[in-house]
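Before any comments, here is the structure.
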Amino acid sequence: MTGLTRRDFEALDRADTLRPFRERFVLPEGVIYLDGNSLGAMPKETAARLQQVAAQEWAEGLVRSWSRAGWIDLPLRIGAKIGRLIGAEADETIVADSTSVNLFKLLAAALPLRPGRKIILSECTNFPTDLYIAEGVAALLGCRLELVEPEALDHALCDDVAIVMLTHVNYRTGRMHDMAGITRRVQAAGALMLWDLCHSAGAVPIDLTGAGADFAVGCGYKYLNGGPGAPSFLYIARRWQDRMILPLTGWLGHAAPFAFEAQFRPAAGVQRALVGTPPILSLAALETGVDLMLEAPMPALRAKSLRQFELLAALMDEALAGCGFDIVTPRDPDRRGSQICLVHQHAWPIAQALIARGVIGDFRAPDILRFGLTPLYLGYAELWDAVAILKDIMAAGAWDRPEHHARAKVT
Ligand SMILES: *Cc1c(COP(=O)(O)O)cnc(C)c1O
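Using this note's numbering, the first residue of the sequence shown is number 601, and each one after it goes up by one.
Shown next, in the form of structure tokens:
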């Protein structure tokens, strides 16, 4: 028995020092949003900022805004800000393209740094696009992708592994890797380490410098609240930057893009990872999201996320006993990110029934219900209400209706 009541959760909201951040977001009435790890909520400032970029910088400033409004600096400027969230130096991170494309760029540029080694090592539970991209790079460069269970990583490290590519927080279970420990062991085996931070940037404290990581990528539209399809970021440790030739040699990665030379010469530093003209409207939205996140102290965000997980897990253990759920996210705070995932054989219709009642989480095939915890705007009383609704849906058998079994195209 937790002995907790809704009043306890209301009291937690009143005492929450992060509560004022909630007012900075647009959150629709009647919705409990537990999917900020798929698409972050919109900061109120974003709409105003987009309006300003469109009506002033674009409409009035026209092409002059590339310099006057600083458009050309946005990829590096926002990269430096994201760098503060992931423990990077200011000149090690840049914003460009999508996570998939950045993975391609980094993997293809990293393999030649370990000549003679032929393996990209990853885990079979990694996010599909990461694996698909690695498969493509391996085919292109005459290497191969080897996939193992997470527990077998150390065992699979051998003289033929050029690079290890892992996602820090697993998208399906929320399990978090020991970044520093794994990086150390990978590098001791002579390989390079690439971290995918899609489910950790803005969600958990990250110290790429402390861990000695070589490369990283991550998402702008999840915990960073950068908007649908927001550009991604990539990190290259300074020691590698001038030794890497990125495979997509576009003009914005050139040492002198506006000299219009006939031959490619890479820019110094992380800037060489740029390819083509950056999407300014999307970057403006991303910067607003990142600025807001930087206002909140990460230790407070992490503490609230851990607390929200514990409370949610306790409520679920009690309310859903005997309903066939199993929490698969590690209970150990050092081993999980900022989500809670439950396995249930009817996960799909249950997720749909929840959405019909305003509780938006998501389903991940084959049998996972995933709820993202975004402490910047998620309240405590909402957790209580979400569990009450889930309990109700299970007790009334309300999930088992034809409309909840229908499959949509995008999940
Ligand atoms: C969300 C996510 C992606 C998304 O990649 P896109 O190129 O933005 O579609 C990639 N990898 C992981 C681990 C993710 O969680």
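Ideal placement from N, C-alpha and C gives every residue a C-beta, glycine not left out.
Residue pairing by DSSP puts Val-769 in a beta bridge opposite Met-776.
Assigned with DSSP and collapsed to three states, Asp-962 falls in strand. Residue pairing for Ser-882: DSSP places it in no beta bridge. Proximity of the beta carbon of Thr-773 to ligand 1 is not indicated: no heavy atom of the ligand is located closer than 6 angstroms. Leu-990 and Arg-619 have their C-alpha atoms spaced approximately 25 angstroms apart. For Thr-809, the enclosing alpha helix (DSSP H) stretches over residues 808–811. Per DSSP, reduced to three states, the secondary structure at Val-875 is coil, with no helix or strand assignment.
When secondary structure is reduced to three states using DSSP, Gln-952 falls in the helix class.
Under the three-state reduction of DSSP output, His-946 falls in the coil class, being neither helix nor strand.
Residue pairing from DSSP places Arg-936 in a beta bridge opposite Arg-775. Judged by DSSP in its simplified three-state form, Arg-664 adopts helix.
Distance from the CA atom of Ala-995 to the CA atom of Pro-831, rounded to whole angstroms, is 42 angstroms.
For Glu-723, no alpha helix (DSSP H) segment is defined; the enclosing uninterrupted segment is the beta strand (DSSP E) at 719–723. For Gly-716, the secondary structure class from DSSP, reduced to helix, strand or coil, is coil. Straight across, the Cα-Cα distance linking Leu-604 with Pro-628 is about 27 angstroms.
Closest in C-alpha terms to Ala-734, from the list His-799, Val-764 and Glu-610, comes Val-764. Using a cutoff of 6 angstroms, the CB of Cys-819 counts as near ligand 1, since one of the ligand's heavy atoms is closer than that.
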